[in-house]
Amino acid sequence: MKLLPTFFTLLFCFCFVHTSGQDYFVSDSRTLALADASTAMSGYWSVFGNQAGLASVQKAVLAGTFQNKFLVRELSTATFTFVLPIQTSVIAVSFSQFGHIPFRRNKIGVAYAKSLAGHFRFGFQFNRYSIYLVENNSTETSYGLEIGSQYEFSEKFTIGAHIVNPYQTVIRLSSVTYRYPSLISLGTYFKVSQDFSWVTAINHDLEKHLTLKTGFEYNIRDRLFIRTGICGKPYQLSAGFGFKVSKTSFDFATSYNQYLGNSPSVSIQYQF
Amino acid sequence: MVRLFILISLFGIVILGKAQNSKIGGSVEDLLEATGETMSDDSDIQEILDDWEDLQKNPLNLNSATNDDFLRLHLLSEVQINNLIAYRKKTGTIYSIYELLAVEGLNQDILQRIEPFLTFENIGSQTISSRRSTDVLMRTTRTLNGPDNADQSKYEGSPQKLYFRMKHISSTVECGFVAEKDPGEAFFRKSNKQGFDYNSGFVNFGLNHNVRIFVGDYTVRFGQGLVAWQGFSMGKSAETTQVFRSAQGIRSYTSTDENQFFRGFAAQLKYKNFTASPYVSLHKVDASLDTIDGARCFGALQTSGYHRTGTEVENEKSLTQFSTGTHLLFESGNWAIGGTVSFTRFNAFLDRSDEPYNQFLPEGKNNIVGGIDWKGSLKKTFIFGEGAICSNNGRALVTGVMLNPASNAELSVVYRNINKTYFSYFANAFTESSRVNDEHAIYLGFKIYPVSRIVFQAYADFFRFKWIKYTTAAPSNGTEFLAQLMYIPSRKTNFYLRFFKEEKGQRITESTKKYNVSQLINRLRFNYTFNMSEEVCLKGRMEFSYYSKQIAEKGFLVFQDIVFHPEGKTYSLNGRLSYYSTDGYNSRLYAYENDLLYSFAVPALYNKGIRSYLNIQKDFGKKITVWFKLASTFQLENKEQEGLSGNSIKAELKLQIRYHF
């Protein structure tokens, strides 16, 4: 009885691998609301977008996010991350889990980032992927790498580049070869004014899919933010808001796909 | 098909005459190009041109103009106007256009456009009351060697198009008369013994500052257009953040669309913070009437305005449409809330065809629609919307937010949710489909000036139809994107690169099967404008199109324009040479053409050919102006009509005379 849902879930996941590999590339709610155009963004959530951005973190942060794709329980992702600046470097540990038994995938990442000469930031992350296979009752493990850099032309304008899984990690099973997707991204961050910023990114999955993304963040009140973004293809519209209460901040977002509906997400951050 | 034809042939560009007005010409072009593709009616633009012409003669005094006055510019958004008025309140008299750069949301680009219509002097009320003008305009259009001539034997009249217009404006009274004969319609004979096929007249006068009465033909525009909106409207366009409709209430009608207006009485009454706009209209419209069980009925209204053949003449004005309603607006500071009621009754039953796309639409003699609209601003945010309900309980909502998060950025969002049962005869809202019915969508548009001289604007629209449309076989959805990057190296020059993409479900019929497939349209355009001197302006464009549904098609267009306004001379010229080549009709490209004042042309270019035109304008004294246009299309290969091999040529001649006193 469990086979059928497993099959569909797997099918579903594979569909995504072939369209854009989206569910591998986890993001927090703020980034999700900005259509994931995070390549040139900095801050603690750069642990998923572009590790180079971690270099700007000044204080230790503990953060978690939960996302539910298309309101399907089986397609939810939970992540935790801890970011710690040590002298002139920043290290981060992150954990994310996608799906439920019988289909579950985990990723553990350890990242390092550093700022050079003030304007140039670079970072990399080692990932340990594991996938639970119900039919063998076993977990298959493999390893991957992410490398990123950012250059800050001025306080207003930053560009970023990031690559995930450059050597294309695979898991060979008896029935199928399971390939972890790769992704190369270029992005810009533009601070249009003190309260308003604009991000863009262009992603390529090293096969043939090109995705354009853009997002806006507006700081309407002291500690209140609203955000929106568009990406294509697949075409998605996203929106969200965030607020801060002393050292804790909350972000909410949803990404809307015309065929599949909404994917809500929530993030909580605590800055030490 | 005729509707489609009208849609295609209508948009246009006008270069207003004299040398010093070349900037206005630029604005007109920009705006029309921006709105053109979504416009559904030629006459719509006329009103804007009327406003601009009038403003050019009687510029707005920036120090006393009201919100409504600024709206007549059609170039500023509600947020910008609010900011401008707030700035004026704060700083007092404004002495120069450059001072306006300090107003949030205004920049050089915008100021350059509005400059010709503004004055900073303190014009006394004397000047305003002496404002008076009358203009008589006559135009004739004729196609030579065209396919139209081949069909001529079927029609009652000649292939000429004739147009006459007289308009008088004084400070208290405006009146006018418009008459038109379309190609193929009889003139002073057969069914039109009285002369023109279409005649329209209007008078409006102000009893005092608070009461204005409209008699004759007029249009109504309320809220966001869910209940009633006739004539000009902005839809999705390259002006990506202009999503708000500023309802102008009642306006006299001076255009030539033969159906989209009211005929009767209307008034605009102001009392304190309230404005009421009641109207009553009895209007005969075109429809093909039938009889079922002894009761008269009709399937749909005919909106082409053509009365050339026996059947068309028979259907002309065969149906009586009675409409009445009112809009009541309450304004307080930056906020306004309004309500609309509109009742329509025909003297025959509406009995729609049994097509699936008609299934949920109301039928019968009567339709009553009510709506509530609102707008208001809070600091840098402007919100607006309208909700409506019709007699069969169909509901509709259009609401939006326009944000000015920084002086160099604008962001707009529109949400629309319209039931498949919602219907109003006069609805025309910010929607994807021309019929305001069954649409669930969200639109996001933005405009950013990241650094000086560069403007980036884009929109994305995600829409979904929960029921079958005229062009679909099942519920469908779609997306539309536009992105434009403009570089303005100097006041004289600009370049832009525009990309447009639309993907939506469209019906395919294969023997007995009907289903939707995705239809994709991509267009990429590069355009430049270069004002070489005060006298000469060059403009060129290159555009590519790609279309795919079952098969793919590609298209290409290139043109070069030249505009010549010799200084101190009474004449001016402009012309174009264009070359186009497309795989078929689906990959067609539109190019807006300069035309006679108040006339529009945007031919759809497809297959392979060369099109050129020349416009000449000459003033004879201060009162008389003559326009002349010659356009020709040299079709290189005619792929669609297999019988016609080889090349063909088609020419069009237009002549217009205006007497202004």
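Those protein sequence lines, which keep their order, are chains P and F. My numbering applies: residue 1 is where the first sequence begins, and numbers increase by one. My numbering applies: residue 273 is where the second sequence begins, and numbers increase by one. No residue lacks a Cβ here, since even glycine has one placed at the ideal position from N, Cα and C. Keep in mind it's a predicted model, so treat the numbers as computed, not measured.
In terms of residues, what are the limits of the beta strand (DSSP E) holding residue i?
i	result
residue 271 of chain P	261-271
residue 383 of chain F	No beta strand (DSSP E) holds residue 383 of chain F; the alpha helix (DSSP H) holding it covers 380-386.
residue 758 of chain F	748-762
residue 224 of chain P	224-232
residue 410 of chain F	404-416
residue 780 of chain F	765-782
residue 521 of chain F	521-524
Using only CA atoms, which one of the options lies nearest to residue i?
i	options	result
residue 114 of chain P	P:46, P:173, P:243	P:46
residue 727 of chain F	F:577, F:761, F:482, F:780	F:761
residue 167 of chain P	P:191, P:142, P:174, P:175	P:142
residue 255 of chain P	P:61, P:270, P:232, P:152	P:232
residue 322 of chain F	F:437, F:807, F:781	F:437
residue 175 of chain P	P:222, P:133, P:26, P:76	P:133
residue 822 of chain F	F:636, F:789, F:842, F:832	F:789
residue 770 of chain F	F:764, F:778, F:794	F:794
residue 190 of chain P	P:183, P:201, P:163, P:230	P:201
residue 937 of chain F	F:892, F:876, F:721	Past the boundaries of the shown model lies residue 937 of chain F; chain F is included only from 273 to 933, so the question cannot be answered.
residue 389 of chain F	F:331, F:602, F:647	F:331
Go to residue i, then tell me how far its alpha helix (DSSP H) extends in each direction, as first and last residue.
i	result
residue 351 of chain F	350-363
residue 30 of chain P	29-33
residue 583 of chain F	582-587
residue 339 of chain F	339-343
residue 49 of chain P	46-49
Quick one: does residue i have its CB under 9 Å from some CB of chain P?
i	result
residue 892 of chain F	no
residue 702 of chain F	no
residue 726 of chain F	no
residue 655 of chain F	no
residue 747 of chain F	no
residue 374 of chain F	no
residue 679 of chain F	yes
residue 388 of chain F	no
residue 921 of chain F	no
residue 338 of chain F	no
residue 737 of chain F	no
Does residue i have its Cβ less than 9 Å from a Cβ in chain F?
i	result
residue 192 of chain P	yes
residue 195 of chain P	yes
residue 214 of chain P	yes
residue 254 of chain P	no
residue 19 of chain P	Here the model assigns residue 19 of chain P a pLDDT of 38, short of 50, so the residue's position is not dependable and the matter cannot be decided.
residue 230 of chain P	yes
residue 22 of chain P	Any reading at residue 22 of chain P needs caution, since the residue's pLDDT is 48, under 50, leaving its predicted position unreliable; the model's value is listed next. Residue 22 of chain P does not count as touching chain F.
residue 237 of chain P	yes
residue 259 of chain P	yes
Are residue i and residue j close, meaning C-beta to C-beta below 9 Å?
i	j	result
residue 492 of chain F	residue 551 of chain F	yes
residue 95 of chain P	residue 108 of chain P	yes
residue 464 of chain F	residue 579 of chain F	yes
residue 620 of chain F	residue 695 of chain F	no
residue 703 of chain F	residue 714 of chain F	no
residue 616 of chain F	residue 548 of chain F	no
residue 406 of chain F	residue 432 of chain F	no
residue 582 of chain F	residue 555 of chain F	no
residue 320 of chain F	residue 346 of chain F	yes
residue 472 of chain F	residue 458 of chain F	no
residue 499 of chain F	residue 612 of chain F	yes
residue 816 of chain F	residue 796 of chain F	yes
residue 62 of chain P	residue 269 of chain P	yes
With a threshold of 16 other CB atoms inside 10 Å of the CB of residue i, please say whether the residue is buried or exposed.
i	result
residue 605 of chain F	exposed
residue 565 of chain F	exposed
residue 784 of chain F	exposed
residue 103 of chain P	buried
residue 119 of chain P	exposed
residue 750 of chain F	buried
residue 654 of chain F	buried
residue 740 of chain F	buried
residue 126 of chain P	exposed
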